[in-house]
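First the structure, in the form of structure tokens, and then the observations on it.
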Amino acid sequence: MIRQLQFGLIGIAALVFAVLFVGSQEYVTAGAALVFGVIWIVLEVRLWNPLRTVLMIAFVGLAAANALEQASNSLILLGLIAALAAWDLSRFWPRIQEEEAGAAKTRLERAHLQKLALVSGGGFVVALIPLAIQISIQFVGLCLIALIAAVLLRAGIGSLRGEPKPEG
Amino acid sequence: MRSPFVVLLALIFALVLVGLAALNSSILVLTIPLFAYLLAAVWDRPEALRLKVTREVFPDYAPQDTPINIRLTLINEGAALDELVVRDVLPRGVTKSEGTTARVVTLPEGGSVEIEYTIEAQRGEYDRYEVQVYARDFLHFFEQAQSIRTSARLVIHPRYPKLDRIRIRPPQTRGFAGPIAARQGGVGIDFWGVREYQAGDPQRQINWKLSARSESELFTTVFEQERVADVGLIVDARERTNVSTGTDSLFEHSAKAAAALAENFLDDGNRVSLLIYGSGISRVFPGYGRLQHDRILKALARATPGFNYALDSLTNLPTRLFPAKSQIVLISALMPEDTPVIARMRANGYAVLVISPDPVAYEAALAGDPSGAATRLAQAERTLMLRQLRQSGAQVVDWRVDQPLESIIRQAMAQQLRVGW
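In the order they appear, the protein sequences are chains P and F. Just add 15 to wherever you are in the first sequence, counting from 1, and you've got the numbering used here. Just add 443 to wherever you are in the second sequence, counting from 1, and you've got the numbering used here.
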């Protein structure tokens, strides 16, 4: 089931981006999206895929390129989330493929898919919200927000690494 | 934190930078699903592991090459784990024959996982095992590794052949009836001699033929008493007398021979002890019966060849540990300087039987050159050494380990009957 879902997600991502590029009459890039999808599926079928992360980054790049082309945001998000989920399943499958089929494996797969669906769905819905809101911020304000975000992110990473907090 | 986490983080930064540079909010929106992944991973990352591990081994005492079932149970006493990888590390000398030693499961709080598999183990005592566990978040961005030690005991003793009865004739026997000729007249089967009739002698023991030749005296036939004896097994575990390959060694054959001989002597009712002489001296005190056999097998299971400066030659062999004039059975590949030690044992009154696995033939077979000049020279040297041993009064069995010990001993027994040891 995981494999079929994974191939389906790769197919969706490739098709969505190809369609969006065809819509903006960029046929070469649309072809590239399809080629990326085919390469990804072929490598997955051969159970040897050292390029999965590169391909996922390529799809994120395609999503960004589509966003620059002012394509449909919800479709771009759909393609991006499909690519992310396919990337996750592509990493998940080698971890469990040696496991004997049985109730435990089914439970593991189900738990993983449930959480993945929750995160992907949640991410999609949350990403749709700002598309419906129009806020105007000055450049200085934007830089300030970016700075605060960067500081918070730095603190978060430091906390994850277990670094001591700076004194004073 | 693993590299996929860093990749997503870098992508987010890149998208933010591109979005700011292009003043395009749609690109900034693309970071939200990526953020969702990161947050989910951080939220679900595994905390300190609290796992209770139990191991069951059945049977825990068995001969070599017996299938042994291992059941490993892990109980999660901490928070739920999205993905738990359990990998049981097999000790050296153990091979898996069935089942799997690794599992990937999701484990709720209080949940348990079982791993069951079958192994085959080489001779030895195994009491330390390692279980490696890796707990991960469901996206495998974070990993918590732990190594857990368990200590179920498994003793694998050598698998040995059943031997025909070995006739030994130590100078001194014990008081109990047994199969060994005691060099004393009394109740028995074999003829020992005749003496004048004494009041109380059973009538059926009167030697009527001899008595008929005498005018007034009666003679009684006396038989040789049969008793049990003290047998001391000495296993040479010195590294220098051992020849080993990747999977086999001459010492393994010595251990098998010792186990077979111990069973043989104990089955005859003898009191048997064991001394393993190698990196140290390990000893099983004299005893009788099945229990003693188990003690000897366990000692043999633990034995490994080793080196010790003090025990480099047999000179320091503590033969005084064995009862005077008892039977000593030395299982050793032998070194040339061992000959005087064995001669001294004979001089001290012990009956010595040497079972010597042939290191020259063993090594030549490994090298694939059984008739080379070096092999022939080494064989000549060994033949000379064994001849000197026989001349000193020791019984010597030259054992090429590719031949069954049983047939070699049978041949030696036949030779004993023909010419005496």
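Note that beta-carbon positions come from the ideal geometry of N, C-alpha and C, so glycine has one too. No experiment lies behind these values; they were computed from the predicted model shown.
If we define contact as Cβ-Cβ less than 8 Å, is residue i a contact residue for chain F?
| i | result |
| --- | --- |
| Gly-183 (chain P) | Here the model assigns Gly-183 (chain P) a pLDDT of 45, short of 50, so the residue's position is not dependable, and the following value carries that caveat. So, not an interface residue. |
| Arg-110 (chain P) | yes |
| Val-141 (chain P) | yes |
| Gly-137 (chain P) | yes |
| Leu-167 (chain P) | no |
| Ala-161 (chain P) | yes |
| Leu-146 (chain P) | yes |
| Val-50 (chain P) | no |
| Ala-119 (chain P) | yes |
| Ala-126 (chain P) | yes |
| Val-134 (chain P) | yes |
| Arg-18 (chain P) | no |
| Leu-123 (chain P) | yes |
Any beta carbon of chain P sitting closer than 8 Å to that of residue i?
| i | result |
| --- | --- |
| Ala-578 (chain F) | no |
| Asn-467 (chain F) | yes |
| Arg-546 (chain F) | yes |
| Ala-807 (chain F) | no |
| Pro-622 (chain F) | no |
| Val-840 (chain F) | no |
| Phe-581 (chain F) | yes |
| Thr-561 (chain F) | no |
| Asp-489 (chain F) | Strictly speaking, residue 489 (chain F) in this sequence is Pro, with Asp absent from that position. With 8 Å as the cut-off, Pro-489 (chain F) does not count as an interface residue toward chain P. |
| Thr-543 (chain F) | yes |
| Pro-802 (chain F) | no |
| Ala-857 (chain F) | no |
| Ala-464 (chain F) | no |
Here's the rule: buried if 16 or more other CB atoms are within 10 angstroms of the residue's CB, otherwise exposed. What is residue i?
| i | result |
| --- | --- |
| Val-532 (chain F) | exposed |
| Ala-118 (chain P) | exposed |
| Ser-850 (chain F) | exposed |
| Val-633 (chain F) | Before going further, note that residue 633 (chain F) is Asp rather than Val in the sequence given. Under this definition Asp-633 (chain F) is an exposed residue. |
| Pro-502 (chain F) | exposed |
| Arg-535 (chain F) | exposed |
| Arg-546 (chain F) | buried |
| Leu-162 (chain P) | exposed |
| Gln-770 (chain F) | buried |
| Arg-566 (chain F) | buried |
| Ala-164 (chain P) | exposed |
| Gly-792 (chain F) | exposed |
| Arg-67 (chain P) | buried |
| Gly-636 (chain F) | exposed |
| Pro-551 (chain F) | exposed |
| Thr-549 (chain F) | buried |
| Asp-812 (chain F) | exposed |
| Asn-759 (chain F) | exposed |
| Gln-858 (chain F) | exposed |
| Phe-728 (chain F) | exposed |
Taking C-beta to C-beta, are residue i and residue j nearer than 8 Å?
| i | j | result |
| --- | --- | --- |
| Gly-721 (chain F) | Arg-681 (chain F) | yes |
| Leu-904 (chain F) | Val-485 (chain F) | This structure leaves residue 904 (chain F) out entirely; chain F is present only between 444 and 864. |
| Arg-608 (chain F) | Arg-670 (chain F) | no |
| Phe-581 (chain F) | Asp-525 (chain F) | yes |
| Ala-810 (chain F) | Asp-845 (chain F) | no |
| Arg-106 (chain P) | His-583 (chain F) | yes |
| Asp-570 (chain F) | Ser-594 (chain F) | yes |
| Arg-592 (chain F) | Glu-586 (chain F) | no |
| Pro-779 (chain F) | Phe-694 (chain F) | no |
| Ile-798 (chain F) | Ala-700 (chain F) | yes |
| Ala-28 (chain P) | Ala-98 (chain P) | yes |
| Ile-513 (chain F) | Val-500 (chain F) | yes |
| Ala-837 (chain F) | Ile-785 (chain F) | yes |
| Ala-465 (chain F) | Leu-83 (chain P) | yes |
| Thr-684 (chain F) | Leu-777 (chain F) | yes |
| Ile-96 (chain P) | Phe-154 (chain P) | no |
| Val-686 (chain F) | Tyr-805 (chain F) | yes |
| Pro-622 (chain F) | Pro-847 (chain F) | no |
Does the ligand ZN have a heavy atom nearer than 7 Å to the CB of residue i?
| i | result |
| --- | --- |
| Leu-466 (chain F) | Among the ligands in the structure shown, none appear at all, so the ligand ZN cannot be discussed. |
Using the beta-carbon of each residue, which ones in chain C are nearer than 7 Å to residue i?
| i | result |
| --- | --- |
| Val-75 (chain P) | This model lacks chain C altogether; the protein chains it does include are P and F. |
Open item on the list: Please identify, using Cβ separations under 8 Å, the residues of the stretch 78-98 of chain P that lie next to chain F, in order along the chain.
Closed with: Per Cβ criterion, the list reads Ala-78, Ala-79, Ala-82, Leu-83, Gln-85, Asn-88, Ile-91, Leu-92, Leu-95 and Ile-96.
Task: Residues of the stretch 52-72 of chain P with Cβ closer than 9 Å to any Cβ of chain F, in chain order - done: Closer than 9 Å at the C-beta level to chain F, one finds these residues of the stretch 52-72 of chain P: Thr-68, Met-71 and Ile-72.
Task: the stretch 83-99 of chain P contacting the stretch 116-130 of chain P, beta-carbon criterion three pairs below 8 Å - done: No contact exists between the stretch 83-99 of chain P and the stretch 116-130 of chain P.
Open item on the list: Quick test of the definition: if touching needs 3 or more C-beta pairs under 8 Å, does the stretch 735-742 of chain F touch the stretch 764-779 of chain F?
Closed with: Taking a contact to require three or more Cβ pairs closer than 8 Å, the stretch 735-742 of chain F and the stretch 764-779 of chain F do not qualify as touching.
Open item on the list: If contact is defined by three or more beta carbon pairs under 8 Å, each pair taking one atom from either stretch, is the stretch 47-59 of chain P in contact with the stretch 131-150 of chain P?
Closed with: Remark: fewer than three beta-carbon pairs, one from each stretch, lie closer than 8 Å, so the stretch 131-150 of chain P and the stretch 47-59 of chain P are not flagged as touching.
Open item on the list: Output needed in chain order: residues of the stretch 514-527 of chain F with a Cβ under 8 Å from some Cβ in chain P.
Closed with: Of all residues in the stretch 514-527 of chain F, Asp-525 and Glu-526 have a Cβ within less than 8 Å of some Cβ in chain P.
Task: Within 8 Å of chain F by C-beta, residues of the stretch 21-40 of chain P in sequence order - done: Within the stretch 21-40 of chain P, contact with chain F at the beta-carbon level (separation under 8 Å) is assigned to no residue.
Task: Cβ pair count under 8 Å reaching 3, the stretch 549-560 of chain F against the stretch 154-168 of chain P - done: Two segments are said to touch when three or more pairs of C-beta atoms, one from each, lie closer than 8 Å; by this definition the stretch 549-560 of chain F does not touch the stretch 154-168 of chain P.
- [ ] Inspect the CB distances between the stretch 37-54 of chain P and the stretch 164-176 of chain P and report whether three or more fall short of 8 Å.
- [x] Too few Cβ pairs lie closer than 8 Å, so no.
Task: Contact residues within the stretch 709-732 of chain F, judged by C-beta distance below 9 Å to chain P - done: The residues in question: there are none.
- [ ] Scan the stretch 787-801 of chain F for residues whose Cβ lies nearer than 9 Å to a Cβ of chain P and list them as they occur along the chain.
- [x] Those residues of the stretch 787-801 of chain F placed with their C-beta closer than 9 Å to a C-beta in chain P do not exist.
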